[in-house]
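Chemist: Numbering (this note's numbering), first residue to last: 47 to 197. I am attaching a structure below and will ask some questions about it afterwards.
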């Protein structure tokens, strides 16, 4: 597994070890332990520009995914790129009374699932994606709790 992390924002300090741990757990659980992807951490203005350029939506969003595979049936080491707005994550975490890392994990898992072919446009596909998201986040949370207890 290889994750190239680019931190292009200055809103919050990022724990790259936690991001790598999340990626490792999720990719192994999805049978993609040899996968490569990039994660770009940005502010709202940056992701808004990308959202306009690629989706014609003139607003900031939480996460964008740019898959390199055409469908879930295709294989290949390089999955694609996930772009997360840390600014949006910080706002949402505060609103939901969650920690920032938990919000970033949610967005990262969501983005990885998009890279693997999951879709959230139609209700049935959205439910399937949300169920998988919850399952994977439970793995991440369990690992995080186990790490805390061993310290």
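Backbone N, C-alpha and C fix where the C-beta goes; we use that ideal spot for every residue, glycine too.
#1: Is residue 80 closer than 7 Å to residue 123 when the C-beta atoms are compared?
#2: Note down, in chain order, each residue of its chain lying with its Cβ closer than 7 Å to the Cβ of residue 53, except the 5 sequence neighbours on either side.
#3: Pick out the complete beta strand (DSSP E) segments inside the stretch 78-128, 3 residues or longer, and give them in chain order.
#4: Could you tell me which residues DSSP puts in a beta bridge with residue 49?
#5: Where do the ends of the alpha helix (DSSP H) carrying residue 148 lie?
#6: Under 8 Å by Cβ, that's how I've got residue 154 and residue 65 pegged, so tell me the actual separation to the nearest angstrom.
#7: For the alpha helix (DSSP H) that residue 71 lies in, which residues bound it at each end?
#8: Taking 8 Å as the threshold, find out whether the stretch 165-180 comes into contact with the stretch 85-99 through three or more Cβ pairs.
#9: Less than 6 Å between C-beta atoms, sequence neighbours within five positions excluded: which residues of the same chain meet that for residue 109?
#10: Which one or two residues does DSSP pair with residue 130 in a beta bridge?
#11: Since residue 178 and residue 159 should fall inside the 8 Å C-beta cutoff, what is the C-beta to C-beta distance between them, to a whole number of angstroms?
#12: Quick one: Cα of residue 97 to Cα of residue 89, how far?
Modeler: In brief:
#1: Along the chain shown, read from residue 1 onward, the residue named residue 123 stands at position 77. Along the chain shown, read from residue 1 onward, the residue named residue 80 stands at position 34. Yes. Within cutoff.
#2: The count along the chain shown starts at 1 and reaches residue 53 at position 7. Cβ neighbours of residue 53 within its own chain (closer than 7 Å, five residues either side excluded): 60, 87.
#3: 82-88, 109-113
#4: Here the question's residue 49 lines up with position 3 in the chain shown. Beta-bridge pairing links residue 49 to 83.
#5: Taking the first residue of the chain shown as 1, we reach residue 148 at position 102. Per DSSP, residue 148 belongs to the alpha helix (DSSP H) from 146-161.
#6: For this step, residue 154 is matched to residue 108 along the chain shown. For this step, residue 65 is matched to residue 19 along the chain shown. 7 Å between Cβ atoms; contact.
#7: Translated into positions along the chain shown, residue 71 becomes position 25. 62-75 is the extent of the alpha helix (DSSP H) around residue 71.
#8: no
#9: Walking along the chain shown from the start, residue 109 turns up at place 63. So the list reads 130, 153, 156, 157, once near-sequence residues are dropped.
#10: What you label residue 130 is simply residue 84 of the chain shown in a count that begins at 1. Note: residue 130 sits in a beta bridge opposite 87, 109.
#11: Here residue 178 is taken as the residue at index 132 of the chain shown, counted from 1. Here residue 159 is taken as the residue at index 113 of the chain shown, counted from 1. The Cβ separation is near 6 Å, so the contact holds.
#12: In the chain shown, the residue the question calls residue 97 occupies position 51. In the chain shown, the residue the question calls residue 89 occupies position 43. Taking the straight line joining both Cα atoms gives about 12 Å.
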